[in-house]
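Okay, structure first, notes after.
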């Protein structure tokens, strides 16, 4: 291949793909077959990190950035005046293999602008994956984008070669989608998700009977939402995330703070700051829902439509539920310990194990590694010395904030809270 | 007061286990175990050289295995590989606790030795994971994918399986420039190797024997790396936290070609 031309294409098509935040290479196990190339242990590896601090795990590129759609939020939209390029199938295969052999990447994440129509595009994505698996005996990770509107037959084939499939819902609300992507319909996004979910269930069932049944998308499916493009509330976002987790067995929902790339009256203006802190709080909420046993309406509901930015969502929940605390670390139920601000799941496990040997005191808890600056107000342990003052939620919040050193502290002025 | 005994061993895991055997055999109460290249600057001590004996080591290890889970055994080995000064004594204390207890599935994280070992094992585990991530192979003329590393801990023994399973169809060599040994896989079994020239190989010797297209692929990778950064989200602190500068020297994308 001509390296200069390939290099130019790679620059354009990597640049266009970078707003897709998903870079997971975990969750799908695939062994190295017949002394071939690559494997996937189920644990992802970040091979490098960009200067914005994100993981580089996969070769994440578009097959092409030619597109027939004109979605306002998208950098490759039809009416945007940018350089366009397209990879040949073999070029993508060669890049993937050669990068993989040098241990640069875990695999390929291939997406594409829509050229001609959905089926034509999907077919080419699938043939890259097929070539990698069948001709190169490649067992690394492959993530394909499902193209909304692609035929069922192609979607089935895609899942047989890919580890993960995803469709990005992008705009969390139906009304927002209508405003920003008038050519797209909400159903078009839902259809491939449903298809993938059903195929996974079907293949799993068949595998129980016939062992040699191939696995369908072993790393499941994921989706992504843009945050802060259409004025939606955190509640809207997390409720739709919960909907996708439950309804389509999503492995992950990603939240991507909107990066203003285009001037458009319907969108935040160029130069608007990316809502990174809000994004962070949404991810924390996502974790609370998936690993800490919270349900979404405990954290966000009619009276709390948005997450507090200055404190994390678990602390925020605890402050609203002070009547449940303090709890005794040496006796309390595991699920309740997981709800204490400043205690993560690793610490929950260690506490649970250690308290079988002796009653734990503050020094034990500190050594185990819990964040006492938050936790101390919510727990008692084997010590007479614990926080006894009966403070209001607001007062307690101020104490915690004053004694903590959040990297986001500069965004908040303590003085202002007097007047708010 | 009796002078304290110092057991000196060759730095291998079996050597360390032989020391443990000696501690029990001679009923030593309060010995210090250290590697032969660490200097002794204590007064009133008796130094004793321990010769590595495989059968003794195996007896100790088998005894340890009976009373622990496989993840505890892994953590123990990882903590040993940390090469942190004095880690041998923490490990010895831990072994004594283990040999005393009734077999029990719970782990006492309120015991300081156990907690320390689990924390050190985590550090070593992180370094192992980093090596799996940050190894950058370069293809040489004789068709071997070569990489140099200099990990904080001696983690090469831990990453062999990962690379063997993954790159089953290519010859590769990973060389630890600090500890002067490497692992070479010749499509059959991975083997530990050292070079006659004690320095082994380095960035320059590899560069001199690049295959034809090596530089091109490195350039492609670097331009990919450059283009995936979102400039409006730049976050240097986070970047360095994930990718500390000491690892940069062997990363293709952090060096101009």
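Chains as they are written, first to last, in the numbering used here: chain Y, 1 to 420; chain L, 1001 to 1257.
Where a beta carbon is used, it is the ideal one built from N, C-alpha and C, also for glycine.
All values derive from a computational prediction rather than experimental measurement.
CB contact check: residue i to chain L, cutoff 8 Å
i                      : result
residue 282 of chain Y : no
residue 185 of chain Y : no
residue 37 of chain Y  : yes
residue 14 of chain Y  : yes
residue 420 of chain Y : Bear in mind that a pLDDT of 42 at residue 420 of chain Y, under 50, signals an unreliable position, so the number given afterwards is only what the model happens to contain. With 8 Å as the cut-off, residue 420 of chain Y does not count as an interface residue toward chain L.
residue 28 of chain Y  : no
residue 258 of chain Y : no
residue 274 of chain Y : yes
residue 334 of chain Y : no
residue 417 of chain Y : Its pLDDT being 46, under 50, residue 417 of chain Y is placed unreliably by the model, and nothing is read from it.
residue 293 of chain Y : no
Closer than 8 Å to chain Y by CB, residue i
i                       : result
residue 952 of chain L  : Any question about residue 952 of chain L goes unanswered here, given that chain L covers just 1001 to 1257.
residue 1074 of chain L : no
residue 1242 of chain L : yes
residue 1233 of chain L : yes
residue 1236 of chain L : yes
residue 1227 of chain L : yes
residue 1224 of chain L : yes
Neighbour-count burial assignment, residue i, 16 or more Cβ in a 10 Å radius
i                       : result
residue 415 of chain Y  : Unreliable positioning characterises residue 415 of chain Y in this predicted model, as indicated by a pLDDT of 49, which lies under 50. The coordinate reading is nonetheless provided below. Its Cβ having fewer than 16 others within 10 Å, residue 415 of chain Y is exposed.
residue 263 of chain Y  : exposed
residue 1182 of chain L : buried
residue 152 of chain Y  : exposed
residue 1132 of chain L : buried
residue 229 of chain Y  : buried
residue 134 of chain Y  : exposed
residue 1108 of chain L : buried
residue 227 of chain Y  : buried
residue 163 of chain Y  : buried
residue 442 of chain Y  : Limits of chain Y in this structure are 1 at one end and 420 at the other, which puts residue 442 of chain Y out of reach.
residue 250 of chain Y  : buried
residue 364 of chain Y  : buried
Residue from the options whose Cα sits closest to the Cα of residue i
i                       : options                        : result
residue 7 of chain Y    : L:1215, L:1251, L:1248, L:1232 : L:1215
residue 21 of chain Y   : Y:39, Y:236, Y:109, Y:94       : Y:109
residue 1142 of chain L : L:1087, L:1188, L:1212, L:1150 : L:1212
residue 460 of chain Y  : Y:268, Y:253, Y:254            : The requested residue 460 of chain Y does not occur in the structure, where chain Y is confined to residues 1 to 420.
residue 16 of chain Y   : Y:66, Y:99, Y:405, Y:163       : Y:66
residue 339 of chain Y  : Y:386, Y:291, Y:135            : Y:291
residue 1179 of chain L : L:1157, L:1249, L:1051, L:1240 : L:1157
residue 381 of chain Y  : Y:332, Y:390, Y:350            : Y:332
residue 1085 of chain L : L:1194, L:1137, L:1062, L:1032 : L:1032
residue 1112 of chain L : Y:187, Y:369, Y:396            : Y:369
residue 266 of chain Y  : Y:231, Y:353, Y:361            : Y:231
residue 150 of chain Y  : Y:39, Y:47, Y:193, Y:303       : Y:193
residue 14 of chain Y   : Y:360, Y:341, Y:95             : Y:95
Bridge-paired residues (DSSP) for residue i
i                       : result
residue 1032 of chain L : L:1006
residue 62 of chain Y   : Y:111
residue 55 of chain Y   : Y:49
residue 37 of chain Y   : Y:138, L:1167
residue 1048 of chain L : L:1007
residue 1061 of chain L : Answer is none; residue 1061 of chain L lacks a bridge partner.
residue 253 of chain Y  : Y:223
residue 291 of chain Y  : DSSP, once it has assigned bridges, lists no residue as partnering residue 291 of chain Y.
residue 362 of chain Y  : Answer by DSSP bridge pairing: none, since residue 362 of chain Y is not bridged.
residue 430 of chain Y  : The question about residue 430 of chain Y has no answer, for chain Y in this structure spans 1 to 420.
residue 1182 of chain L : L:1175, L:1193
residue 1145 of chain L : L:1139, L:1172
residue 30 of chain Y   : Y:40
residue 301 of chain Y  : Y:304
residue 82 of chain Y   : DSSP output for residue 82 of chain Y lists no bridge partner at all.
Proximal chain L residues relative to residue i, where beta-carbon distance stays under 7 Å
i                      : result
residue 46 of chain Y  : 1133
residue 98 of chain Y  : 1217
residue 364 of chain Y : 1110
residue 11 of chain Y  : 1223, 1227
residue 360 of chain Y : 1110
Chain-ordered chain L contacts of residue i [CB-CB under 9 Å]
i                      : result
residue 368 of chain Y : 1109, 1110, 1115
Chain L contact residues for residue i, given Cβ-Cβ distances below 8 Å
i                      : result
residue 353 of chain Y : 1106, 1107, 1108, 1109
Cross-chain neighbours of residue i in chain Y, by beta carbon under 9 Å
i                       : result
residue 1210 of chain L : Ordered by position in chain Y, no residue passes the 9 Å Cβ test against residue 1210 of chain L, which lies about 12 Å from the chain.
residue 1137 of chain L : 101, 102, 103, 104
Partner residues on chain Y for residue i, Cβ-Cβ distance less than 7 Å
i                       : result
residue 1024 of chain L : Ordered by position in chain Y, no residue passes the 7 Å Cβ test against residue 1024 of chain L, which lies about 25 Å from the chain.
residue 1169 of chain L : 35, 36, 37
residue 1253 of chain L : 48
residue 1165 of chain L : 32, 39
Contact set between residue i and chain Y, taken where Cβ atoms lie within less than 8 Å
i                       : result
residue 1221 of chain L : 99, 102, 104
(message) Please identify, using Cβ separations under 8 Å, the residues of the region 1094 to 1108 of chain L that lie next to chain A, in order along the chain.
(response) Reference to chain A is not applicable here, since the protein chains of this structure are Y and L.
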